[in-house]
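Undergrad: What follows is a structure written as structure tokens; I'll ask about it next.
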Amino acid sequence: MPIIALAGTSIGVLAGSPVLVEDIIEAGGGTFARRLRFRTTGQGLEAFRALGRFLRHFRVDELPALWSVVKGDLPLMDVWNDLFPES
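So for the sequence shown, my numbering puts the first residue at 183; every next one is plus one.
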């Protein structure tokens, strides 16, 4: 997962913290789960805006959500559909 480390480090250098943002989403059955993603907007250098567009375009900003799958909070298909939406 070197891309995750590179993205996180780049955001930290260009925009400071927080590197990750948290969304609370419905996980089904009336339960809610925490979903992490890389921050792609907000204050930062001009290069941060370009980085944010790149991360969103290639869906790299959604990769931290896989942690919720590993923890068992979200099913893989919920994250998969966001990473690879049908065009």
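Each residue gets a CB set at the ideal place from its N, CA and C atoms; glycine is no exception.
#1: Starting from Glu-244, follow its DSSP beta bridges and name the residues at the other end.
#2: Enumerate in chain order the residues of its own chain whose CB-to-CB distance from Ile-206 is below 8 angstroms, with the five nearest sequence positions on each side excluded.
#3: With DSSP as the reference, label Phe-220 as helix, strand or coil.
#4: Let me know the secondary structure DSSP gives Val-203 once reduced to three states.
#5: Between the beta-carbon of Arg-221 and the beta-carbon of Ile-193, is there less than 8 angstroms?
TA: According to the structure shown:
#1: What you label residue 244 is simply residue 62 of the sequence shown in a count that begins at 1. In the DSSP output, where bridge partners are listed per residue, Glu-244 has none listed.
#2: What you label residue 206 is simply residue 24 of the sequence shown in a count that begins at 1. Answer for Ile-206: Phe-214, Ala-215, Arg-216, Arg-217, listed in chain order.
#3: Position 38 of the sequence shown, counted from the first residue, corresponds to residue 220. Three-state result, Phe-220: strand.
#4: Reading the sequence shown from its first residue, position 21 is the one you call residue 203. Note: Val-203 maps to strand in three-state DSSP.
#5: Here residue 221 refers to the residue found at position 39 when the sequence shown is read from its first residue. Here residue 193 refers to the residue found at position 11 when the sequence shown is read from its first residue. A contact, by the Cβ cut-off of 8 angstroms.
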